[in-house]
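The structure appears right after this line, and notes come after that.
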Amino acid sequence: MSLRCEYDCRASLEGGECYCGPGMQVDPMNTLKCIDMNECSEWGYCEQVCINTMGSYICSCVSDYSLVAPKHCRAHNSSAMRLIFTHHSAIYKVNAEGSLLELVTNTTAASGLDFHYHKNLLFWSDTVTRKIYSIKVDPWRESEYISDFNVSFPWSPTAFAIDWIGNKIYICDAIGQKIDVMELDGSQHTILISRNLSSPLDIALDPHLGLMFFSDADNIDRANMDGTIRVTIVNTFIYKASGLTLDYVTKRVFWCDSQLDQVVACNYDGSGRHSIIRGSTRVPSPSKLTMFENNIYWTDGTRQGVLKTDLYNNSQTVLTIYRDRSLLKEPKAIKSYHYLRQPVVPNPCYFSNGGCQHMCLLTRSADSFGLGYRCVCNIGYEIAHNEKTCKKVEEFLLYAQQKFVRGVLLNPVVNAFSDAMIPIVSKSARFVGLDFDAQQGYIYYSDVVLDVIYRIKVDGTGQTNVLASQNEGVEGLALDWVSNNLYYIDSRKGTLNVISTVNFQYRRTLLRNLKRPRAIVVHPNKGYVFYSEWDRPANISRAYLDGSNLMVFRGVLLGWPNGLAIDFQKDRLYWCDALLDHIQHANLDGTDVKTISSPRIKHPFSLVIHNDYLYVTDWRLDAILRMHKESGAGEQIVASVEEGSRLYGIKVFSRENQRVDNRHPCWSNNGNCQKFCFPIPSNNSQGPDLQVQCGCPYGERLAADNRTCQSDPDAEPPVQACPNSWDFTCDNQRCIPKTWVCDGDDDCLDNSDEMQNCTKSTCAPREFTCSGGRCIPQSFRCDSDNDCGDYSDEMGCVNVTCEATEFPCENGRCIPKSWKCDSENDCGDGSDEGDFCTEKTCAYYQFTCPGSGHCIPQNWVCDGDNDCFDHADEQNCPPITCTSSQFQCANQKQCIHESYHCDGVSDCQDGSDEQNCPSRAPDQCEPEKTFQCRTSRICIPKSWYCDGNSDCEDGSDEPSSCGEIECPSNHFKCNNTRCVFKSWICDGADDCGDGSDEDHRHACGPVVEGCPSGEWPCPDVTGRCIPLSNVCDKKSDCPNDADEGPGCTLETCSTKNMGCTHNCSETPLGPICMCPLGKVLNDSKTCIDVDECATPGACSQQCINTKGSFKCQCKDGYTLTTDRH
């Protein structure tokens, strides 16, 4: 029986089916009918312009292109196109076929690259010199001279793009994790984007539409060229988008992914995604890319060259344009140089710079149909209300954010361009303490990882080490801006110290034996210093600025007093409590305590008062809150940071907050003191109620005149910086091993270890001289190890015989055969990833990611991690099982800690942890977890009830009924004093509620083997270890989610480093001590140097211990094998 198909019928596995003729398709609403197929919505039918017709289509080209039937659009003067690319120490130019290679210029370490065709200029950035250079491209055309430029702050201009219409340069700064905009000569500079940007890799502009596109590792974002209206257009099946380019005709974005080995395209809005080419043998390691006509070109780190393929008829075919395996560094930026790649349109900023005082930036017009512009100001200035002129920034919010110190405008006129200063940044720091000197324009900040206090000017210049030794955890800084004394808390030593900002050698300790001190603040015009202590019972204390007349605030309920601040207008002290989650303030003597309770405050760390408002950093919110300083009204978030990026100290940089009374006794001539001038309270009624108390640094005491200092080393000798004979004392008093001197590394942080007559040494006859001057044993040469650090000991190796289990590289190196064709350039010259490599298929025990073809272990499927990058390995998974201490999200794919349920912060991806939550009045406590003080109505942890410490002001948490709890003879007394049956011990259930009936003392299970260095064992999961960096990162990595929890927010490591001699890592179960490379734990806290050669079996014959490692050597007649034996 016929199906009565409109066109024809054919057989299929399900029976007969209708099909349609060319240019037509089956109607999805009526499978018997045929409708027109819109070829123009599909990939590859036309290269540029496509017009759909009934049953067919018509291709055409835009101006300056001619159609080559049936679809190819050839550019006018197409053969003039040249590819310009960087290959580390050189920039080359080559034609599309690769037959005409030409050296453009030599460089040091070229990275980014772009051109300005109209000005006949080629620009490139250098990651070693940190400069941006320019050079004339076509010698027969006139060009404009633009000088090379760099900046006064640390940056790494890895990639950039030229706005050839507005004549600006947009720069990706890898160190500052931001996007900068500058004039072509660097004369004006502003920060375009610096928030929620972790790894800007590349940037591309379309000045015709005022749009920019940039890659941030696993995202591709689009924004207007003034930084507004930022949206993410690609965030699935993407891991490291290392390169971007645009097709201005078809309005498409192309990107290459160096980890997923693919080149992909999509429309400007993220739709119409299409994979151009993929596979580890075709696109093993793409770095940057460009396009011209119907071809895409990219640089490849594994192939060590430039490759190309057809955008529309590639059939996965790749052609090599250029290859040079002799260079160790990979090629990077690449651009197609042709006038049609930079078509010109009128510049809205052309006349009078758009009326802008500083910079005029192109952007999308308000109606989104044309090109507009916006006036912006140079960094350090802010736009006026007329949005044309600029004024110098006088006040701004200053805060520390893990690896950054940022300054943002308090009341910006527009939402964009809120940066008030160049961010201070470090890749391996934790900036905590913070203060400023508004009179001299300095910022002081502390790094608790390197244990250094720094000073830097607001404009980013003049960074100086204030203190780089003899401190072990400066969490609090406070500057007396009148007397030029910097006070700091050493949380690990438990001391309060002072250092002169006029002479950093003047130091002394004012108070000792403090109990986990955390915050500090000074009131120079009253002569007081205030500090908080965490150890129970927590305290807030006040002392004179010379450390005398110590008093403790009495009758104040404190949990974890994190931050201190002073309202200088009303002379009141403010503090925030991270345990009780509120803010309180009192008179300077601790009386008249007032409480500001806010449901939005979850875990405050630091606060500051400015005019009528207070600002507080909150860890759970990852945000800065602003509210009225007395009522708490008008609460709003003024700044947010990336999730897990801790917010620490906060200040408002303002002269108003650092007023100076000319009658201050230390203001003139340092109070006639030779070294320290301390203003302390007095009863003198004239001028400020202060008097001078002079002081002296370590090893000195006041002379009889009470003004000058004289030597007295016996009274209080200075701390010996480096008492060990094997240590070298740096100029800043840091201690390093003597073997680190003159090794090329700045271990002292002031480079004094590399200024000890470190002339380039002449290597011994039996040593090899590295390119960098280092000497290594001759036997280390050509052993496949990068001993020189620059691979120079592994280059030019000849007559090297590789073993049967090794692959011989073309440069003479030997690598394991298993490394061949793994898409990684293990040889260094790419010869292990040659054309002989074929595409791999996944083994039976692996899972094939359908989007990329990548292979992952089967046990990674449905483990909660997006291993395929498009969630394909997490589809159709059974519901996740949560523990008794966890809350299961409604999507049944996520578990969070029970304490996060109904805490006001959405932790579940679907927000279900904050749905159907019970409401409580502001003065109510949660009876399951807290106890409410009778008088103040403040909620304290339930564990504080009857614990022997009177925490409530009225003592209601310690009634007379509190007594010693005794358990019956057949019961076990838990750590929390609960009684459980002894038979419940080691039954696998947490009957105590604190785990003490199941802990190690009972030997409830077999001894668990430890994890490798740098890893952490998942609790209650045998044999599962995860990297320490994954613990407390707000992402569950253990199967039972035990690597996350409320214990992560305690920051116990920041207090005296928990006694660890080196590194301390937070875990949900408490802190653990860690050692750097080359050291091991001697006990649970102390790190000692490890001599790997002392371990039997490290080498079979001779072992040479080196800094952080070791080398094996053989006696004459023996050859070292791949297992180093």
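Numbering-wise (the working numbering), the sequence shown opens with residue 42 and increments by one.
The beta-carbon is built from N, C-alpha and C at its ideal position, and this holds for glycine as well.
At the level of alpha carbons, what is the spacing between residue i and residue j?
i       : j       : result
Leu1035 : Arg1019 : Note on residue identity: the sequence assigns Asp, not Leu, to residue 1035. So the two alpha carbons sit approximately 9 Å from each other.
Phe1151 : Gln1142 : 13 Å
Asp351  : Thr358  : 8 Å
Gly596  : Glu994  : 5 Å
Pro920  : Ser681  : 33 Å
Tyr569  : Asp500  : 31 Å
Leu330  : Ser240  : 18 Å
Ala913  : Phe888  : 10 Å
Ser582  : Phe646  : 18 Å
Phe437  : Gly139  : 54 Å
Leu44   : Val305  : 41 Å
Thr170  : Glu844  : 42 Å
Glu915  : Ser686  : 27 Å
Cys46   : Met70   : 14 Å
Arg293  : Asp226  : 30 Å
Quick check on the DSSP output: the beta strand (DSSP E) that includes residue i runs from which residue to which?
i       : result
Glu516  : Val515 to Asp521
Leu731  : Leu731 to Gly736
Val649  : Pro645 to His651
Ala151  : Glu143 to His157
Trp1057 : Glu1056 to Pro1058
Trp296  : Arg293 to Asp298
Thr800  : Premise fails: Thr800 is in no beta strand (DSSP E) and is neither H nor E.
Tyr440  : Phe437 to Gln442
Met668  : Ala664 to His669
Val290  : No beta strand (DSSP E) holds Val290; DSSP gives it neither H nor E.
Ile637  : Lys635 to Ile637
Lys498  : Val493 to Lys498
Cys1153 : Ser1150 to Gln1154
Phe458  : Looking at the DSSP string, Phe458 is not in any beta strand (DSSP E), and its letter there is neither H nor E.
Arg447  : Phe445 to Leu450
Met332  : Pro327 to Phe333
Buried or exposed: residue i, going by 16 or more other Cβ atoms within 10 Å of its Cβ?
i       : result
Gly830  : exposed
Gly1055 : exposed
Met223  : buried
Gly728  : For Gly728, the predicted structure reports a pLDDT of 47, less than 50, and the residue's modelled location is therefore unreliable. The matter cannot be settled from this model.
Asn118  : exposed
Lys692  : buried
Cys1045 : exposed
Asp633  : exposed
Glu967  : exposed
Gln345  : buried
His426  : exposed
Pro387  : exposed
Asn866  : buried
Rounded C-beta distance between residue i and residue j? I'm assuming under 8 Å.
i       : j       : result
Gly600  : Asp618  : 5 Å
Glu835  : Arg854  : 5 Å
Pro602  : Ala627  : With 8 Å as the limit, Pro602 and Ala627 do not qualify as a contact, their Cβ atoms being about 12 Å apart.
Tyr485  : Phe477  : 7 Å
Phe156  : Ile210  : Actually they are not in contact, since the Cβ atoms of Phe156 and Ile210 sit about 11 Å apart, beyond 8 Å.
Glu428  : Val454  : 7 Å
Leu369  : Thr361  : Actually they do not touch by this definition, with Cβ atoms about 19 Å apart.
His1103 : Lys1076 : Wrong, their Cβ atoms sit about 26 Å apart, outside the cutoff.
Leu162  : Lys177  : 7 Å
Legend entry - beta strand (DSSP E) runs contained entirely in the segment 49 to 110, provided each spans 3 or more residues: 49 to 53, 56 to 60, 65 to 68, 71 to 77, 90 to 94, 97 to 101 and 106 to 109
Legend entry - beta strand (DSSP E) segments (min. 3 residues) lying fully within the segment 350 to 427: 360 to 364, 375 to 378, 400 to 405, 412 to 417 and 422 to 424
Inset, instruction - Entirely within the segment 159 to 219 and at least 3 residues each: give me those beta strand (DSSP E) ranges in chain order. - result: 162 to 167, 172 to 177, 198 to 204 and 209 to 214
Legend entry - Uninterrupted beta strand (DSSP E) stretches inside the segment 238 to 267 (no shorter than 3 residues): 241 to 247, 252 to 257 and 261 to 265
Inset, instruction - Identify every run of the beta strand (DSSP E) within the segment 844 to 907, keeping only runs that are complete inside it and at least 3 residues long; order them along the chain. - result: 847 to 849, 855 to 857, 887 to 889 and 896 to 898
Inset, instruction - Please go through the segment 552 to 614 and give each complete beta strand (DSSP E) segment of 3 or more residues, from N-terminal end onward. - result: 558 to 564, 569 to 574, 580 to 585 and 602 to 608
Inset, instruction - Entirely within the segment 970 to 1050 and at least 3 residues each: give me those beta strand (DSSP E) ranges in chain order. - result: 971 to 973, 980 to 982, 1012 to 1014 and 1020 to 1022
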